[in-house]
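Student: I'd like to ask you about the structure that follows.
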Amino acid sequence: MQLTRDGKLKMDPVFIKNGEELVYTVQESPTQMSLMRLKLADGSSERLHPQALTSEFEAAFTPDGRYCAFVQSKGNLSLKLVIRDTQQNKEAVFDPGGGFQGMRRPTIAPDASRVVFSIPADGGQQLQSVNIAGQDRKPLTTSSINHWPTFSPDGQRLAFGSSRDGDYEIYVMDADGNNVRRLTKSPGIDQRPAWSPDGQRLAFVSNRDGNYEIYMMQADGSNVRRLIRNEERDDYPTWHPDGKRLVFVGERAGKSDLHWLDVGS
Amino acid sequence: MLNIGSFPTRVCQGINRRTFLQAGLTAPFALGLPACNVAAEAAKAKSVLLVWLWGAPSHLDTFDPKPNAPAEFRGPFSTIATRTPGVRVTEVLPKLAARSHKYTLIRSHKNFHIDHLKAGTIALTGADEAGEGLAPNFGSVLARHRGPRQLPPFISIGRGNPRDVVGPMKGYGGGNWGKVYDPFLVNCSEQGEVDIPSLQLLDGLTPQHLEDRRQLLAELDGLRQRLDGAELDKWDATRRRAYQLLTSPDARKALDVSRESQQARDAYGQTSFGQSCLLARRLIEAQVPYVQVNWSQYVEAMTPNCDFGWDTHIYNFEMLADRHCPIFDRVVAALLDDLDQRGLLQTTLVIAMGEFGRTPKINGTASRDHWPNCYFSLWAGAGLQPGKVIGESDRTGSEPITEPITPAMIGTTMLELSGVTSQQRAEFRVLPSGRVIDELI
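So the sequence lines, in the order shown, correspond to chains A and B. Note that the first sequence covers residues 10 to 274 in the working numbering. Note that the second sequence covers residues 16 to 456 in the working numbering.
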C-alpha cells in the first residue's frame with residue numbers, strides 16, 4: 010500500500026506519536042529538502058517546520074517525541090546538527106564549523122542522554138556523540154567509514170554500517186563504542202539498519218542481489234531474508250511501533266514514494 | 016507543460032499564433048548567425064548530446080575502479096561485471112554496466128587545471144583563456160557551422176550556466192565570438208515542466224496578455240522605456256529567440272515533454288535530470304545540432320545554492336551511492352535505450368563527462384577532492400564502435416599510462432564526427448592543436 014503519491018525524492022521516514030504520524034525528508038524543490046509530517050489517519054502532510062528557509066533532513070526523535078534531532082544545511086557543503094526540545098521550544102546546535110564540515114544521520118538515545126551521528130574525522134568518517142545540549146563531543150569509532158547509526162530500543166546498543174572490512178557491512182556495538190560485532194558478510198553494500206521495536210530484528214538495505222532492496226535479519230545477524238523483489242529501488246526502511254509493518258521509500262515507475270510492507274511478527 | 020514568463024500553460028493549446036508578436040518571428044532561427052550552411056547530412060553525428068557532469072565525478076568510484084589498490088585509494092564500493100568482457104565498474108552503476116555494449120568508455124583523460132571554473136572552460140572549449148581570448152564552446156562552434164534553423168542550434172538544459180561560488184564558468188558559450196553564440200537556456204523540472212528563463216523578464220505576462228496583442232505591445236514598450244540601452248539590446252535578443260520558439264509549432268512541440276508517453280517519462284524517472292534528458296532527446300529528434308544537459312549546481316541539491324553537482328568533497332561515497340549514481344544510472348541507461356529504439360543513436364553522438372576526476376587517495380574527510388590528471392568519459396552513438404575501453408590509468412587511477420586524451424582531442428573528435436572538418440576548424444580558428452581520438456572511430 011502506498012502512503013504518498015507525489016513521486017518526489019524521499020528519504021529517511023520515521024514514525025512519531027506512537028505510529029500515528031510519519032516524518033520524512035522530501036526533495037521539495039531543486040533547492041530545498043524539507044522535513045514533512047504525514048498524518049496516517051487522513052493522509053494529509055505538511056512541513057514539520059513551515060518556516061524553514063534552508064534544507065533540513067534526516068530527522069530522529071526520542072520515543073516520547075520530546076526531542077527531535079535533524080541535519081540543517083548551512084550551504085557550501087556544510088551542515089549542522091539541530092536538537093530541538095519540542096516541549097520547551099528550545100534548540101541546541103552542534104556546529105562543527107564551516108568549510109566542508111557536517112554530520113549525517115543522527116539518532117537519539119531513548120533516554121535522551123546522547124545524540125550519535127556520522128561525521129568526517131580522523132581520516133575517515135566516524136560515529137561520534139554529543140549530549141542533548143549539543144555539547145561534550147565524544148568519539149565512538151576511530152577508523153574507516155562508519156555510518157547509519159541507530160540506537161536499539163533499550164538504548165544499550167548501536168547498529169551501524171562500516172567499511173572497516175572492505176565494503177559496507179552492518180555491525181552492532183555497545184552504546185559506548187565497545188564490543189563491536191559484525192552482523193552481515195556479503196559482497197556489496199549493506200546499509201541503513203533499523204531495529205524492530207522489540208530489539209529482536211534488524212531491517213536493512215542491501216544491493217547483494219543487484220539493486221537496493223529491503224532485507225531483514227535477527228539481531229545477531231542470523232536468518233537473513235529478502236523482503237521485497239522489485240526491479241526498482243527500495244530503501245530507507247523504518248518500523249511501525251506495532252512491530253508488524255515497515256514503511257520504506259520505494260521507487261516505482263521512476264517515482265519515489267512511501268510504501269507499507271507487512272513483515273509479520 | 017511549457018512555462019512562459021511566470022505562469023505555466025500548455026502552449027500547444029493556448030496560444031494563437033496570429034495574436035502574438037509576429038514581426039520578424041516567422042523566419043528561421045537566425046540569431047544573427049553567419050550562415051555557413053554546411054549540411055549535416057554528411058556528418059556521422061547529426062546531433063551532439065553532451066551530458067555535462069559539472070563538479071567532476073569520481074572516476075575511481077564509478078567507471079574506473081581500482082579494486083586491487085590499497086584501501087586508502089579504492090574506497091568502499093565493490094565492482095561488478097559489465098556486458099563487456101573483462102570490464103568492471105562500481106556496483107552503484109548496475110544499469111549502465113548492463114549496457115556497456117552501447118557505449119565506449121575512455122579512462123585516460125587529462126585536464127590542465129585543478130579549479131572548476133578554469134578546468135570547465137578547458138573541458139568545453141579545448142583551451143584555456145589565453146592570447147586570443149576565450150575560445151568558443153564546442154556547441155557554439157557546431158552551431159555556427161550548421162547555421163540558421165528553426166530551433167536554436169545550441170540549447171543548454173539546466174538551471175542556468177555552470178558556476179560555483181566564485182562566479183560563472185566562462186567557457187559555457189560563445190566566448191570571443193560573442194553572446195550570439197551562447198547556448199539558448201531552458202530549464203526542466205522533475206515534472207517535465209519546461210520554462211525559458213529569458214522570458215522571465217516579463218513578470219506580468221499571462222495567457223491573456225498573449226492573446227491581446229495591443230496590451231502586450233504596450234507592456235513591452237513600457238519595459239523598453241525602463242531598460243537602459245545595453246539591457247535592452249540583450250533583452251531584445253533573448254526575447255526574439257524565446258518568442259521565435261513560441262511562435263513555431265514545431266519548436267513548441269519539441270519543448271513539450273508532456274507529449275511523451277507515460278511509459279517514456281517513467282523510464283527517465285521523476286527527477287529534473289531525468290526529465291531534462293528526456294527533453295534533450297526530444298530536441299535531438301527535432302534536429303537541434305547541439306544539446307547540453309547540465310547536471311547543474313541545483314540538481315537534487317543536498318545543500319542548496321552551493322551543491323556543486325558532483326563536487327563531493329564530503330560524503331562522497333554516501334552521495335554517490337544514495338543520489339548521484341542511482342539517478343545518473345537510471346537516466347543515462349534510459350537515454351541510451353530510448354535513442355537506440357528510435358533509431359537516433361546512429362546519428363547522435365552522446366558524451367557524458369565532467370571537467371576532471373577526483374583525488375585517487377581518499378582525503379581526510381573520507382571523500383575525494385579535485386584531480387585533473389586522470390578522469391573518464393562515456394561515448395555512444397554516431398557510428399562509434401561501442402563496447403570498448405580506450406586508454407588506461409595506473410594502478411591507483413592517478414595518471415593515464417596510455418597517451419592522455421585531452422579536452423582539445425574531445426572537441427576535435429566531437430566536431431569532426433559532426434562534420435566540422437579540420438579546414439573549417441582552421442577557418443574558425445578553433446582547436447588548432449587538437450587531434451581526433453582515432454581509437455574511437
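Don't be surprised by glycine CBs; every beta carbon is placed ideally from N, CA and C. A quick note: this is a predicted structure, and the numbers were derived from the prediction, not measured.
Residues in the same chain with beta-carbon distance under 7 angstroms from B/G406, minus the five sequence neighbours each way, listed in chain order, please.
Tutor: Position 391 of the second sequence, counting from 1, holds the residue named residue 406 of chain B. I121, R122, S123, P415, T417, I420, listed in sequence order.
Student: Please compile the residues from chain A whose C-beta is within a distance smaller than 7 angstroms of the C-beta of B/D281.
Tutor: Along the second sequence, one-based indexing puts residue 281 of chain B at 266. What B/D281 touches in chain A: A262, G263.
Student: Going straight from the alpha carbon of B/S213 to that of B/L200, what length do you get?
Tutor: Working through the second sequence from its first residue, we reach residue 213 of chain B at position 198. Working through the second sequence from its first residue, we reach residue 200 of chain B at position 185. About 8 angstroms.
Student: Would you say B/E431 reaches chain A, if we count a Cβ-Cβ gap shorter than 8 angstroms as a contact?
Tutor: Within the second sequence, residue 431 of chain B is the residue found at index 416, counting from 1. With 8 angstroms as the cut-off, B/E431 does not count as an interface residue toward chain A.
Student: Where does A/K48 land, buried or exposed, given buried means 16+ other C-beta within 10 angstroms?
Tutor: Residue mapping note: residue 48 of chain A aligns to position 39 of the first sequence, counting from 1. With fewer than 16 Cβ atoms within 10 Å of its Cβ, A/K48 is classed as exposed.
Student: Which residue spans inside the segment 56-89 of chain A form an unbroken beta strand (DSSP E) run of at least 3?
Tutor: 65-70, 76-84
Student: Can you name the residues of chain B whose CB is closer than 8 angstroms to the CB of A/G197?
Tutor: As a working mapping, residue 197 of chain A is identified with position 188 in the first sequence. Ordered by position in chain B, the residues that pass the 8 angstroms Cβ test against A/G197 are S93, E106.
Student: Could you tell me the distance, in whole angstroms, from the CA atom of B/L294 to the CA atom of A/D163?
Tutor: Working through the second sequence from its first residue, we reach residue 294 of chain B at position 279. Working through the first sequence from its first residue, we reach residue 163 of chain A at position 154. Distance between the alpha carbons of B/L294 and A/D163 is about 51 angstroms.
Student: Would B/Y118 pass as a contact of B/P422 if the rule is Cβ separation under 8 angstroms?
Tutor: Locating residue 118 of chain B in the second sequence gives position 103, where the first residue counts as 1. Locating residue 422 of chain B in the second sequence gives position 407, where the first residue counts as 1. Contact check for B/Y118 against B/P422 fails: the beta carbons are separated by 8 angstroms or more.
Student: Can you pull the chain A neighbours of B/S287, defined as C-beta to C-beta under 7 angstroms?
Tutor: Here residue 287 of chain B refers to the residue found at position 272 when the second sequence is read from its first residue. Ordered by position in chain A, the residues that pass the 7 angstroms Cβ test against B/S287 are P39.
Student: Could you tell me which uninterrupted beta strand (DSSP E) segments, each at least 3 residues in length, are contained entirely in the segment 214-246 of chain A, listed from first to last along the chain?
Tutor: The qualifying runs are 222-227.
Student: Does B/Q439 come within less than 8 angstroms of chain A when only Cβ atoms are used?
Tutor: Within the second sequence, the letter at position 424 stands for residue 439 of chain B. It does not; no Cβ of chain A falls within 8 angstroms.
Student: Who are the neighbours of B/I329 on chain A, taking C-beta pairs under 8 angstroms?
Tutor: As a working mapping, residue 329 of chain B is identified with position 314 in the second sequence. Simply L86, F109, Q110, G111, P129.
Student: For B/T5, which residues of its own chain have a beta-carbon under 7 angstroms away from its beta-carbon, when the five flanking residues on both sides are left out?
Tutor: No statement about residue 5 of chain B is possible, as the shown extent of chain B runs from 16 to 456 and does not include it.
Student: Kindly list, in the order they appear in chain B, the residues whose Cβ is closer than 8 angstroms to that of A/H268.
Tutor: In the first sequence, counting from the first residue as 1, residue 268 of chain A sits at position 259. The premise fails here: A/H268 is roughly 15 angstroms from chain B at the closest Cβ pair, so nothing lies under 8 angstroms.
Student: Which runs of the beta strand (DSSP E), 3 residues or longer, sit entirely within the segment 368-427 of chain B?
Tutor: 390-396
Student: Chain A partners of B/E414, CB-CB under 8 angstroms?
Tutor: As a working note, residue 414 of chain B is residue 399 in the second sequence. Within 8 angstroms Cβ-Cβ: nothing; B/E414 doesn't reach chain A, min ~24 angstroms.
Student: In or out: B/G182 buried (at least 16 other Cβ within 10 Å) or exposed?
Tutor: Reading the second sequence from its first residue, position 167 is the one you call residue 182 of chain B. By the 10 Å Cβ count, B/G182 comes out exposed.
Student: Using a Cβ cut-off of 8 angstroms, which residues of the segment 152-185 of chain B contact any Cβ in chain A, in chain order?
Tutor: R174, V180
Student: Alpha carbon to alpha carbon, how far is A/G197 from B/G412?
Tutor: The sequence position of residue 197 of chain A within the first sequence is 188, counting from 1. The sequence position of residue 412 of chain B within the second sequence is 397, counting from 1. Going by the C-alpha atoms only, they are around 21 angstroms apart.
Student: Could you compute how far the alpha carbon of B/R267 sits from the alpha carbon of B/A60?
Tutor: One-based indexing of the second sequence puts residue 267 of chain B at position 252. One-based indexing of the second sequence puts residue 60 of chain B at position 45. Their Cα atoms are separated by approximately 24 angstroms.
Student: In terms of alpha-carbon separation, which member of A/I92, A/I128, A/R14, A/D120 lies closest to A/F109?
Tutor: Taking the first residue of the first sequence as 1, we reach residue 109 of chain A at position 100. Of A/I92, A/I128, A/R14, A/D120, the residue nearest in Cα terms is A/I128.
Student: Return the residue from the list A/S87, A/S161, A/V124, A/P158 that minimises the CA-CA distance to A/K147.
Tutor: Within the first sequence, numbered from 1, the residue matching residue 147 of chain A stands at position 138. The candidate whose alpha carbon is nearest that of A/K147 is A/V124.
Student: As a quick exercise: from B/D281, B/D384, B/W310, B/S273, pick the residue whose alpha carbon is nearest that of B/R297.
Tutor: For the purposes of this step, residue 297 of chain B is identified with residue 282 of the second sequence, where counting begins at 1. Of the candidates B/D281, B/D384, B/W310, B/S273, the one whose C-alpha sits nearest the C-alpha of B/R297 is B/S273.
Student: Whole angstroms are fine: how far does the CA of A/N155 sit from the CA of A/G175?
Tutor: Position 166 of the first sequence holds residue 175 of chain A. Position 146 of the first sequence holds residue 155 of chain A. Looking at the two C-alpha atoms, the distance is approximately 12 angstroms.
Student: Compute the beta-carbon to beta-carbon distance between A/G263 and B/G289, rounded to the nearest angstrom, for a pair I have assumed lies under 8 angstroms.
Tutor: Within the first sequence, numbered from 1, the residue matching residue 263 of chain A stands at position 254. Within the second sequence, numbered from 1, the residue matching residue 289 of chain B stands at position 274. The pair is a contact, with the Cβ atoms about 7 angstroms apart (cut-off 8 angstroms).
Student: Thinking just about the alpha-carbon of each residue, which of A/L136, A/G143, A/G106 is nearest to the one in A/A121?
Tutor: Start at 1 with the first residue of the first sequence, and residue 121 of chain A comes out as number 112. With distances taken between Cα atoms, A/A121 lies closest to A/G143.
Student: Which whole runs of the alpha helix (DSSP H) in the segment 142-191 of chain B are 4 residues long or more, in chain order?
Tutor: 153-161
Student: Do B/V306 and B/S93 have their CB atoms nearer than 8 angstroms?
Tutor: Numbered from 1 along the second sequence, position 291 holds the residue referred to as residue 306 of chain B. Numbered from 1 along the second sequence, position 78 holds the residue referred to as residue 93 of chain B. In this structure, B/S93 does not lie closer than 8 angstroms to B/V306 by Cβ.
Student: Any idea what DSSP makes of A/D21, helix, strand or coil?
Tutor: What you label residue 21 of chain A is simply residue 12 of the first sequence in a count that begins at 1. Three-state result, A/D21: strand.
Student: Please determine, among A/K26, A/M20, A/D51, the residue with the shortest C-alpha to C-alpha distance to A/A43.
Tutor: Stepping through the first sequence from its first residue, residue 43 of chain A is reached at position 34. Contrary to the premise, residue 43 of chain A reads as Ser rather than Ala in this sequence. Residue A/M20 is the option with its Cα nearest to A/S43.
Student: First and last residue of the beta strand (DSSP E) that includes A/T5?
Tutor: Nothing can be reported for residue 5 of chain A: it is not among the residues displayed for chain A, which extend from 10 to 274.
Student: Are the segment 199-216 of chain A and the segment 357-370 of chain B touching by the rule of at least three beta carbon pairs closer than 8 angstroms?
Tutor: no
Student: Check whether the Cβ of B/F343 lies closer than 8 angstroms to any Cβ atom in chain A.
Tutor: Counting from one through the second sequence, the residue named residue 343 of chain B turns up at place 328. For B/F343, the answer is no, since every Cβ of chain A falls outside 8 angstroms of its Cβ.
Student: Within the chosen definition, does the segment 435-452 of chain B reach the segment 373-387 of chain B through at least 3 CB pairs nearer than 8 angstroms?
Tutor: no
Student: Kindly indicate which three-state DSSP category B/V365 falls into: helix, strand or coil?
Tutor: Locating residue 365 of chain B in the second sequence gives position 350, where the first residue counts as 1. If DSSP states are grouped into helix, strand and coil, B/V365 belongs with the strands.
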